[in-house]
Amino acid sequence: MVKMIQTLIERGHAYVAEGKEGREVLFAVGSMPNYGKLSNRKLEDQQAGARIAVEEHKKNPADFVLWKESAADEPGWEGAFSEDGEAVAIHGRPGWHIECSVMSEAHLGETFDIHGGGLDLIFPHHENEIAQSTCAHGNSRMANVWMHNGFLQVEGQKMSKSLGNFYTIAQLLETDTFAGRKWPGEVLRLAMLMTHYREPIDFSAKRLEEAERMLAKWPGGGDASGDVHPSVLAALVDDLNTVAAIQALHQLATSGAPEFAASAALLGVLPKQVEVNDDLAKAVGALVDMRLEMIKAKNWGEADKIRDDLAAKGIQLKDGKDPDTGERVTTWELKR
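Numbering-wise, the sequence shown is residues 221 to 556 according to our numbering.
Structure below.
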């Protein structure tokens, strides 16, 4: 971090100043002509507004901290800088943004493909990351694509540990802490993909059940190594429009298109074929017999409920007649 900050000083993009709480190294936003491009903010508009506190030690009110002197009771590290040929030693700590620029360079290079984050990070964090990285490296871009996701809520509330509604993927897969049951991975993925990544997502049991019912209607198996349907690819190319991709996938499923398996596998939502054991066969058989009794008694509501409950678990019932006796018979198939 110290090395990158020194590079910014040498290139005229940063300077040392005496702040109210000690010395600082500040990034000079005026040295970067296209500062504000990511967030579509103009520097002159920010200067004219009253939301940025005026600090006399800054060349521009929007200049931000790269390194800040620490008080005696605060953590700090030795920062050795040089400005205009004079050595400047500041025992301090890095600003909010510089560590991200340094880490991305170390692990991904000066320019990389995709940088993501929440919508709330576009400004100032990501804007300042771009300023630091491009000015330090002397190139035109930090990342080729910027993707900012909407916020996640759980049952209509912000997800947080303090509210007791914070869940990990492992908990959802392996425990019954959410809605009293475990959730298959393909159900979790489909539930998330049903909303565009830039839109807010309300993660709820209702949403997971909706995804599970959709999966139950889709065929299992198939050649997942085949070609992905062009309609699915076209949706994903359009700003990763997973909503349109899922709609296209559902059409492929209902029409029996051969590209369905490969398309579903690409999105990680290919229904899994599950081996039927004796216990499952007995349990389903008992429910099928119960449903037939409900039908004979013309208790259509209960009969439909049994059918729908089984469908939600991936078990599809097929009604027919015995060709020899003409009696109603019901067979079943595990779809995933």
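Backbone N, C-alpha and C fix where the C-beta goes; we use that ideal spot for every residue, glycine too.
Using a Cβ distance threshold of 8 Å, determine whether the region 438-453 contacts the region 464-480, with at least three qualifying pairs required. Taking a cut-off of 8 Å on C-beta distances, the region 438-453 touches the region 464-480, as three or more cross pairs fall below it.
Taking all protein chains shown into account, do 16 or more other C-beta atoms lie within 10 angstroms of the C-beta of Gln377, making it buried, or fewer, making it exposed? The residue you call residue 377 lines up with position 157 of the sequence shown. By the neighbour-count rule (16 or more Cβ atoms within 10 Å), Gln377 is not buried but exposed.
Please go through the same chain and pick out, in chain order, the residues whose beta-carbon is closer than 6 Å to the beta-carbon of Gly239, but skip the five residues on each side of it. By 1-based counting over the sequence shown, the position of residue 239 is 19. The answer, listed in chain order, is His277.
Checking 8 Å against the spacing of the C-beta atoms, do Ala248 and Ala237 come in under that value? Counting from one through the sequence shown, the residue named residue 248 turns up at place 28. Counting from one through the sequence shown, the residue named residue 237 turns up at place 17. Taking 8 Å as the Cβ cut-off, Ala248 and Ala237 do not qualify as a contacting pair.
In the DSSP assignment, find the unbroken alpha helix (DSSP H) run with Lys541 in it and report its ends. Residue 541 sits at position 321 when you count from the first residue of the sequence shown. No alpha helix (DSSP H) holds Lys541; the beta strand (DSSP E) holding it covers 535-541.
Starting from the Cα of Val463, find the closest Cα among Glu513, Met412, Ser424 and give me that residue. Translated into the one-based positions of the sequence shown, residue 463 becomes position 243. For the set Glu513, Met412, Ser424, the Cα lying nearest the Cα of Val463 is the one of Met412.
With a CB to CB cut of under 7 Å and the five nearest residues on each side skipped, what residues in its chain are close to Phe386? Indexing the sequence shown from 1 puts residue 386 at position 166. Closer than 7 Å at Cβ, skipping near neighbours: Met379, Ser380.
Under 8 Å between C-beta atoms of Ile466 and Met414: One-based indexing of the sequence shown puts residue 466 at position 246. One-based indexing of the sequence shown puts residue 414 at position 194. Yes, the Cβ-Cβ distance between Ile466 and Met414 is below 8 Å.
Taking 8 Å as the threshold (C-beta atoms), are Leu512 and Thr550 in contact? Against the sequence shown, residue 550 aligns to sequence position 330. Against the sequence shown, residue 512 aligns to sequence position 292. The answer is yes: Cβ separation under 8 Å.
Measuring straight from C-alpha to C-alpha, what distance separates Arg409 and Gly488? Along the sequence shown, one-based indexing puts residue 409 at 189. Along the sequence shown, one-based indexing puts residue 488 at 268. The alpha-carbon atoms of Arg409 and Gly488 are separated by roughly 7 Å.
So what does DSSP say about Gly269, is it helix, strand or coil? Indexing the sequence shown from 1 puts residue 269 at position 49. Here the model assigns Gly269 a pLDDT of 46, short of 50, so the residue's position is not dependable, and the following value carries that caveat. The three-state secondary structure of Gly269, taken from DSSP, is coil.
Use the C-beta contact count for Gly269: other C-beta atoms within 10 angstroms, 16 or more gives buried, fewer gives exposed. Looking up residue 269 in the sequence shown gives position 49. Legend: pLDDT at Gly269 = 46, less than 50; position of this residue unreliable, value from coordinates given subsequently. It counts as exposed.
Can you tell me which of Arg261, Arg527, Ser382 puts its alpha carbon nearest to the alpha carbon of Lys538? Along the sequence shown, one-based indexing puts residue 538 at 318. Taking only the C-alpha atoms, the option nearest Lys538 is Arg527.
Identify every run of the alpha helix (DSSP H) within the region 415-445, keeping only runs that are complete inside it and at least 4 residues long; order them along the chain. When DSSP assignments are scanned along the region 415-445, the uninterrupted stretches of alpha helix (DSSP H) that are 4 or more residues long and fall wholly within it turn out to be 425-437.
Is the region 332-343 in contact with the region 358-368, if contact means three or more CB pairs nearer than 8 Å? Segments in contact, yes.
For the 8 Å Cβ check, are there 3 or more pairs between the region 350-363 and the region 290-300? No, the region 350-363 does not touch the region 290-300.
Close-in-space but distant-in-sequence residues of the same chain around Ser424 (CB under 8 Å, 5 per side omitted): The residue labelled residue 424 in the question sits at position 204 within the sequence shown. A distance below 8 Å between beta-carbons, with the five flanking residues on each side excluded, links Ser424 to the following residues of its chain, in chain order: Val374, Glu375, Gly376.
Do Leu435 and Gln592 count as a contact pair if the criterion is CB distance below 8 Å? Only positions 221 to 556 of the chain appear in the structure, and residue 592 is not among them; the question remains open.
On the DSSP bridge list, what partners appear for His550? To locate residue 550, count along the sequence shown from 1; it is residue 330. For the record, residue 550 in the displayed sequence is Thr; it is not His. Bridge partners of Thr550 according to DSSP: Asp539.
Can you check which of these residues, Lys516, Glu553, Gly521, is closest to Glu547 by C-alpha distance? Against the sequence shown, residue 547 aligns to sequence position 327. Of Lys516, Glu553, Gly521, the residue nearest in Cα terms is Lys516.
For a test of the three-state rule: what should DSSP assign to Phe480, helix, strand or coil? Counting from 1 along the sequence shown, the entry for residue 480 is found at position 260. DSSP, read as helix, strand or coil, puts Phe480 in helix.
Under a three-way DSSP split, which group does Leu383 fall into? Here residue 383 refers to the residue found at position 163 when the sequence shown is read from its first residue. Of the three classes helix, strand and coil, the one that applies to Leu383 here is coil, per DSSP.
Answer yes or no: do Leu507 and Leu472 have a C-beta to C-beta separation smaller than 8 Å? Here residue 507 corresponds to residue number 287 of the sequence shown, with the count starting at 1. Here residue 472 corresponds to residue number 252 of the sequence shown, with the count starting at 1. Not in contact: Leu507 and Leu472 (Cβ atoms no closer than 8 Å).
Since Asn369 is in the beta strand (DSSP E), which residue starts that stretch and which ends it? Here residue 369 corresponds to residue number 149 of the sequence shown, with the count starting at 1. For Asn369, the enclosing beta strand (DSSP E) covers residues 363-369.
Gly521 - DSSP class collapsed to helix/strand/coil: Sequence index remark: in the sequence shown, residue 521 carries index 301 (1-based). Helix.
Reduced DSSP category for Leu507 - H, G, I as helix; E, B as strand; rest coil: Here residue 507 is taken as the residue at index 287 of the sequence shown, counted from 1. Here Leu507 sits in helix by DSSP.
Is the beta carbon of Gly329 less than 8 Å from the beta carbon of Arg313? In the sequence shown, residue 329 corresponds to position 109, counting from 1. In the sequence shown, residue 313 corresponds to position 93, counting from 1. Against a cut-off of 8 Å, the Cβ pair of Arg313 and Gly329 comes out as no contact.
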